[in-house]
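**Student:** To start, I am sharing the structure in question, which I have written as structure tokens.
Residue numbers (the working numbering): 16 to 344.
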């Protein structure tokens, strides 16, 4: 008798479970977003073929014949169900096609736009996290004190101020009047300052509020009081118990703010002409660049899944409590 073949061990534990669940979620998100995006594109007002031809040749050069040529070239005259099947097949085989306006590879352009959006979101999130968590922790040292009231005022103002309006104010002050920072562009370190700060202000206020409330709650918990009764000094209690448990809450809260962050990225990129996914999506919708619209929408949806996966993995790594609960999709 032959020896039984050895079975490969199946990874277990919180991290492996999170990755399996998020992989299934990513597949479902791709299919749902792709189908919904296709339906929306098909119902956009106006003649899609005419708009694409205008993007290629200019409005002054567009004729009915050129629009019909584009329609036949792209298969827009075929049944809708056949176009949908072709799009899903291309997506599953990683064939994103070419831009209908620029003629370039959608995958290549998408990689550039995605890296720019990630860069902007990462810088903004880092600024918001450091500023908000620091202010919230300091405010929690004296609840009801002057710093706590100032933080509350900052939180209220940051949440009420729309990013678009804040961005315009920053452009007027630092670009138009002072002339110290560029209002638009990409490639220089100073180009990212204004859009990143615009994104970070609202998020920092939210991080400050969550940090302040969590630190106050953790300080009043039983295990912190028990740590003090054992004779541990205040610094050790802060770093071992208060800071670590607050970090779990903050990392989980990042996942809650992912959709707000993505929404802000779309607005801020359009305002500051930052060449990211949001900026590309707006231009693709205007010119009816169907492959770019669909690919960008899918990329944004997957970005949300990836960020939430990273948040779940971070929480699992630093959570001092045993993680026996199932991760909620």
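Positions of the beta carbon are idealized from the N, C-alpha and C atoms, including for glycine.
1. In chain order, what residues of the same chain have a beta carbon less than 7 Å from the beta carbon of residue 234, not counting five sequence neighbours either side?
2. DSSP beta-bridge partners for residue 113?
3. Candidates 320, 82, 165, 311: which alpha carbon is nearest residue 52's?
4. To which residues of the same chain is residue 173 closer than 6 Å at the C-beta, ignoring the five residues directly before and after it?
5. Nearest by alpha-carbon distance to residue 100: which of 64, 42, 115, 49 is it?
6. Between 321, 273, 116, which has its C-alpha nearest residue 139's C-alpha?
7. Taking a contact to mean a Cβ-Cβ separation below 8 Å, would you say residue 186 touches residue 204 in this structure?
8. Do residue 132 and residue 265 have their C-beta atoms within less than 8 Å of each other?
9. May I ask which residues mark the beginning and end of the alpha helix (DSSP H) holding residue 98?
10. Could you pull out every residue in the same chain whose Cβ sits closer than 8 Å to the Cβ of residue 324, ignoring the five residues on either side in sequence?
11. Using alpha carbons as the reference points, say which of 120, 126, 183 lies closest to residue 318.
12. Please check the pair residue 111 and residue 122, which I expect to be a contact at CB under 8 Å, by giving their CB distance rounded to whole angstroms.
13. Hey, how far is the Cα of residue 39 from the Cα of residue 103?
14. Can the beta-carbon of residue 305 be found closer than 8 Å to that of residue 56?
15. If the criterion is Cβ atoms closer than 8 Å, does the pair residue 155 and residue 230 meet it?
16. Taking the alpha carbon of residue 89 as the point to measure from, which residue in 63, 77, 108 has its own alpha carbon closest?
17. Closer than 7 Å by C-beta to residue 66: which residues in its own chain qualify, once you throw out the five before and the five after it? Chain order, please.
18. So, residue 282 versus residue 178, is the Cβ gap smaller than 8 Å?
19. Could you check the C-alpha separation between residue 116 and residue 71 for me, to the nearest Å?
20. Could you tell me the alpha carbon to alpha carbon distance between residue 290 and residue 244, rounded to whole angstroms?
**Tutor:** According to the data block:
1. Along the chain shown, read from residue 1 onward, the residue named residue 234 stands at position 219. Excluding positions up to five away in sequence, the list reads 257.
2. To locate residue 113, count along the chain shown from 1; it is residue 98. Answer is 120.
3. By one-based count along the chain shown, residue 52 stands at place 37. Answer by Cα proximity: 311.
4. Here the question's residue 173 lines up with position 158 in the chain shown. So the list reads 216, 217, 220, once near-sequence residues are dropped.
5. In the chain shown, the residue the question calls residue 100 occupies position 85. For the residues 64, 42, 115, 49, the minimum Cα distance to residue 100 belongs to 49.
6. For the purposes of this step, residue 139 is taken as residue 124 along the chain shown, with counting starting at 1. Among 321, 273, 116, the Cα nearest to that of residue 139 is on 273.
7. As a position in the chain shown, residue 186 is number 171, starting the count at 1. As a position in the chain shown, residue 204 is number 189, starting the count at 1. Cβ atoms of residue 186 and residue 204: not closer than 8 Å.
8. Reading the chain shown from its first residue, position 117 is the one you call residue 132. Reading the chain shown from its first residue, position 250 is the one you call residue 265. No.
9. Within the chain shown, the letter at position 83 stands for residue 98. Looking at the DSSP string, the run of the alpha helix (DSSP H) that includes residue 98 is 95-107.
10. Residue mapping note: residue 324 aligns to position 309 of the chain shown, counting from 1. Taken in chain order, the residues that qualify are 33, 34, 37.
11. In the chain shown, residue 318 corresponds to position 303, counting from 1. The candidate whose alpha carbon is nearest that of residue 318 is 126.
12. To locate residue 111, count along the chain shown from 1; it is residue 96. To locate residue 122, count along the chain shown from 1; it is residue 107. Confirmed, about 5 Å.
13. Counting from one through the chain shown, the residue named residue 39 turns up at place 24. Counting from one through the chain shown, the residue named residue 103 turns up at place 88. Taking the straight line from one Cα to the other gives about 17 Å.
14. Along the chain shown, read from residue 1 onward, the residue named residue 305 stands at position 290. Along the chain shown, read from residue 1 onward, the residue named residue 56 stands at position 41. Yes; because the gap between Cβ atoms is below 8 Å, this pair is in contact.
15. By 1-based counting over the chain shown, the position of residue 155 is 140. By 1-based counting over the chain shown, the position of residue 230 is 215. A contact, by the Cβ cut-off of 8 Å.
16. Numbered from 1 along the chain shown, position 74 holds the residue referred to as residue 89. For the residues 63, 77, 108, the minimum Cα distance to residue 89 belongs to 63.
17. Taking the chain shown and counting its residues from 1, one reaches residue 66 at position 51. Here the set comprises 302, 303.
18. Locating residue 282 in the chain shown gives position 267, counting from the first residue. Locating residue 178 in the chain shown gives position 163, counting from the first residue. Yes; because the gap between Cβ atoms is below 8 Å, this pair is in contact.
19. Numbered from its first residue, the chain shown carries residue 116 at position 101. Numbered from its first residue, the chain shown carries residue 71 at position 56. When rounded, the distance between both Cα atoms is 5 Å.
20. Taking the chain shown and counting its residues from 1, one reaches residue 290 at position 275. Taking the chain shown and counting its residues from 1, one reaches residue 244 at position 229. About 56 Å.
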